[in-house]
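Residues 7 to 142, numbered by our numbering, are exactly what the sequence shown covers, in order. Just so it is clear, CB atoms sit at the ideal spot from N, CA and C, and this is done for glycine as well.
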Amino acid sequence: MLARAQEASPGVDAPPASPSLMNIPAQKDWVYLIGDTLSGHANRETEVEGNAQLRKSDTVISADHLRYEQSTDRLRATGKVVIERNERVYTGSHLDLDVGRFEGFFTDITYSLGPEKGHGEALRADFADSKHMTAK
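Printed below as a string of C-alpha cells:
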C-alpha cells in the first residue's frame with residue numbers, strides 16, 4: 007500500500023496526485039490513499055481526513071473521511087462519497103465496501119451507469135459485485 011498526505015490551500019482543490027505518484031505503474035493489488043491527513047497502523051488500517059481518496063485498479067473513491075482496513079480490503083467512507091469506476095459514477099453519504107470484490111452497501115445514493123445506460127437514486131444500494139447492484 008502506498009499512502010501520502012498532501013497539503014491543500016484553503017478554497018483550492020487538491021490535485022488528484024503528485025506527478026511522482028502518477029508515474030508509478032498501476033498494479034492490480036496496489037492501493038493508493040491520498041488526503042490532507044493520514045493516520046493509522048502499517049499493514050492494518052489507515053484513516054484519511056479531508057480530500058480523502060482511495061485508488062485501486064480501475065476504481066477511484068473520494069470522500070470527506072475514509073477508513074481502509076488493509077487485511078480485509080474493507081473501506082468505510084463518510085461525508086460526500088463518490089465512486090468512479092468504468093464510466094459509472096455513484097454518490098452518497100456512507101459507503102461500506104470490500105474494494106476488491108466490489109461488495110457492500112451505499113446509502114443515500116445517486117448513480118449514473120454510463121452514457122445512455124441509466125441513472126437513478128435510492129435510499130440504499132447493495133453491491134453484489136462490480137456488475138450487480140440492487141437499489142432500494
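| query | result |
| --- | --- |
| N57 classed as buried or exposed, judged by whether at least 16 other C-beta atoms fall within 10 angstroms | buried |
| Selected residue, minimal CA-CA separation from S77, among E93, H47, S99 and H71 | H47 |
| When F108, G120 and I67 are compared against M139, the one with the closest alpha-carbon | F108 |
| Buried or exposed by the 16-neighbour rule on C-beta atoms within 10 Å, applied to L129 | exposed |
| Sub-7 angstroms separation of R82 and D114 beta-carbons | no |
| Closest residue to A134 among F112, S118 and G41 (Cα-Cα distance) | F112 |
| 3-residue-minimum beta strand (DSSP E) runs that sit fully inside the region 60-130, ordered along the chain | 65-75, 80-91, 94-104 and 109-118 |
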